[in-house]
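Novice: Sharing a structure below in structure tokens format, with a few things to ask.
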Amino acid sequence: MPRPSKKPFGQDGKALDGVRILDFTHVQSGPTCTQLLAWFGADVIKVERPGVGDITRGQLVDVKGADSLYFTMLNHNKRSITIDSKHPQGKRVLDELIKSCDVLVENFAPGALDRMGLTWEHIHKLNPRMIVASVKGFGPGPYEDCKVYENVAQCTGGAASTTGFRDGPPLVTGAQIGDSGTGLHLALGIVAALYQRNRTGRGQKVLAAMQDGVLNLARVKLRDQQRLQHGPLTEYSQYGEGVPFGDATPRAGNDSGGGQPGWILKCKGWEEDPNAYIYFITQAPVWGAICDLIGEPTWKTDPEYATPKARLPKLKAIFARIEEWTMTKTKFEVMNLCNEVDIPVGPILSMKEIAEDESLRKTGTVVEVDHPVRGKYLTVGNPIKLSDSISEVKRSPLLGEHTDEILTKVLGLDKKTVAEIKASGALSAPEKADKAA
Ligand SMILES: CC(C)(COP(=O)(O)OP(=O)(O)OC[C@H]1O[C@@H](n2cnc3c(N)ncnc32)[C@H](O)[C@@H]1OP(=O)(O)O)[C@@H](O)C(=O)NCCC(=O)NCCS
């Protein structure tokens, strides 16, 4: 180990300084991963298809002529090079990049990387130290060849069947647990593989399947599946309502996923404001404080209410009584009053409230970024804070913005060679390539 740095914390480079990523990702899952690695200091070179780039550049466009927020918010701190990966000259450039990078990250449809000629064997021969990291919809098995988007993963990973209300259809969640969640999983796999490489000197394949990532996040529901074999799930409100359980973990509405009962309750203004609600947890150790706050002090000692077990069958009525109290206050008033006596609650914050939250701006979790074409916009910064590797959020690259810089500075090609590659059409859209030919 090197001797501990004498430089002040935050001033001795970044966690992943010196790591170079060949970023073949697109849409959301892969870009989430490489954006995190870039925030930790890796040099991320995003390879994009000439003329089009990552498809999200042109999806959900809000400002005409500018890269969409979909793209800009997932591709900060990266450099962009355009290469036609199916063009012979483009393949040669890619081979050189493979030799100069530490990690190749991709989330193409199954088989697409192989069809480009970039098989594991090819990559490993060119650069035995290279880590090849992939997001796929499914791991090996009957569905391994399928293309997958976010909600497919939410459905196949067990999240949708356990989300929603018992008497309604399965629901997907607004949190992108399939895409961004799997990107996070992949980033951890890459960092672990880099660490192992320090010892073994060789790269390896890293696979994060979206179904697996969602299931990992829905772990408690597989827990409940097994508990069902030993009796009803007493903390589910269905138990208190006397509704029998089936043979699979049911949807539990807003029940808490853990051992402390919780529910979403109306607050003052709920009639007009769709987010005037609060998540209220009746944590056992603060039951007395809850009783005092809502004006039911006798519930502290009444055997019908005093113990968690006694309360389980009447949670619905208890939450209705708590709601009578929360409806007399705004969600922030409820939060302040509850926090004073350690009752865990969560106001339902709208995206507007989050965007305007001063404390999130101060921590760099919500960041304003300037972009040469679209102007200023808000993004989510690095949610993981390292005290000695401070993340700065830099705007996403324009399509092919760094092509010349990467060819000359990373690959060390001279001007004549760069001109020849360009003239071959390997770096330009097909129309331009036709003209060049
Ligand atoms: C997301 C997904 C469904 C999108 O599918 P898609 O838009 O059809 O894109 P693909 O990944 O199939 O790639 C399309 C083609 O572009 C080609 N392409 C991509 N970059 C290229 C480049 N720089 N130059 C030339 N061709 C390129 C690929 O080689 C592929 O061609 P092929 O099918 O002829 O081999 C699919 O990529 C997928 O299932 N990925 C894995 C799971 C995943 O990450 N899903 C979540 C996305 S947020």
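So for the sequence shown, numbering that gives the first Met the number 0 puts the first residue at 0; every next one is plus one. C-beta atoms are modelled at their ideal positions from N, C-alpha and C, and glycine is treated no differently.
Among THR300, ARG218 and TYR278, whose alpha-carbon lies nearest the alpha-carbon of ALA288?
Specialist: Within the sequence shown, the letter at position 289 stands for residue 288. When only C-alpha atoms are compared, the closest one is THR300.
Novice: My understanding is that THR81 touches LEU426, with C-beta atoms under 8 Å, so please give their C-beta distance in whole angstroms.
Specialist: Position 82 of the sequence shown, counting from 1, holds the residue named residue 81. Position 427 of the sequence shown, counting from 1, holds the residue named residue 426. The Cβ separation is near 5 Å, so the contact holds.
Novice: Based on Cα-Cα distance, which residue from GLY212, GLN195 and ALA192 lies nearest to SER179?
Specialist: Taking the sequence shown and counting its residues from 1, the one referred to as residue 179 is at position 180. For SER179, the nearest C-alpha among the options comes from GLY212.
Novice: Alpha carbon to alpha carbon, how far is PRO11 from ALA37?
Specialist: Looking up residue 11 in the sequence shown gives position 12. Looking up residue 37 in the sequence shown gives position 38. Reading off the sequence, residue 11 comes out as Asp, not Pro. So the two alpha carbons sit approximately 16 Å from each other.
Novice: Out of GLN27, LEU103 and ASN335, which has the shortest C-alpha to C-alpha gap to ALA41?
Specialist: Translated into positions along the sequence shown, residue 41 becomes position 42. Nearest option by C-alpha distance: LEU103.
Novice: Three or more C-beta pairs under 8 Å: does that hold for the stretch 101-118 against the stretch 10-28?
Specialist: As far as the Cβ criterion goes, the stretch 101-118 touches the stretch 10-28, which means the pair count is three or higher.
Novice: I'd like to know whether the C-beta atoms of PRO169 and GLY177 end up nearer to each other than 9 Å.
Specialist: Stepping through the sequence shown from its first residue, residue 169 is reached at position 170. Stepping through the sequence shown from its first residue, residue 177 is reached at position 178. Cβ atoms of PRO169 and GLY177: not closer than 9 Å.
Novice: So, is TYR194 buried or exposed, given that buried needs 16 or more other C-beta atoms within 10 angstroms?
Specialist: Working through the sequence shown from its first residue, we reach residue 194 at position 195. Exposed.
Novice: Kindly list the residues whose CB is nearer than 6 Å to the CB of THR155, restricted to its own chain and excluding five residues on each side of it in sequence; keep chain order.
Specialist: Locating residue 155 in the sequence shown gives position 156, where the first residue counts as 1. Counting only Cβ-Cβ distances below 6 Å, and skipping sequence neighbours, we find GLN210.
Novice: Look at the alpha carbon of GLY294 and the alpha carbon of ARG320, and state the distance between them as a whole number of angstroms.
Specialist: Indexing the sequence shown from 1 puts residue 294 at position 295. Indexing the sequence shown from 1 puts residue 320 at position 321. Roughly 10 Å separates the two Cα atoms.
Novice: If you reduce the DSSP assignment to three classes, tell me which class TRP269 lands in.
Specialist: Within the sequence shown, residue 269 is the residue found at index 270, counting from 1. Three-state result, TRP269: coil.
Novice: Measure how close the beta-carbons of ARG165 and ARG222 come, nearest whole angstrom, since I'm counting them as under 8 Å.
Specialist: Position 166 of the sequence shown, counting from 1, holds the residue named residue 165. Position 223 of the sequence shown, counting from 1, holds the residue named residue 222. At roughly 19 Å, the Cβ-Cβ gap does not stay under 8 Å, so ARG165 and ARG222 are not in contact.
Novice: Any residues whose CB sits closer than 5 Å to a heavy atom of ligand 1? List them in chain order?
Specialist: Listed by chain position, these are VAL26, GLN27, SER28, ARG48, ASP83, SER84, LYS85, ASN106, PHE107, ALA108, ALA111, ARG114, VAL134, GLY136, LYS146, VAL147 and ASP178.
Novice: Between GLY239 and the rest of its own chain, which residues show a CB-CB distance below 8 Å, the 5 nearest in sequence each way excluded?
Specialist: Residue numbering aside, residue 239 sits at position 240 when the sequence shown is read from its first letter. Once the five neighbours on either side are set aside, the close Cβ partners of GLY239 are LEU311, PRO312, LYS313, LEU314 and LYS315.
Novice: Quick one: complete alpha helix (DSSP H) runs, 4+ long, within the stretch 63-98?
Specialist: The qualifying runs are 68-71.
Novice: Check ALA435 in the structure and name its three-state DSSP category.
Specialist: For the purposes of this step, residue 435 is taken as the residue at position 436 of the sequence shown. At ALA435 the pLDDT is 49, less than 50, meaning the model places this residue with poor confidence; the figure from the coordinates comes in the next sentence. Here ALA435 sits in helix by DSSP.
Novice: Identify, in the order they occur along the chain, each residue of the same chain with its Cβ nearer than 6 Å to the Cβ of VAL417, setting aside the five sequence neighbours on each side.
Specialist: Counting from 1 along the sequence shown, the entry for residue 417 is found at position 418. Cβ neighbours of VAL417 beyond the five flanking positions: LEU406.
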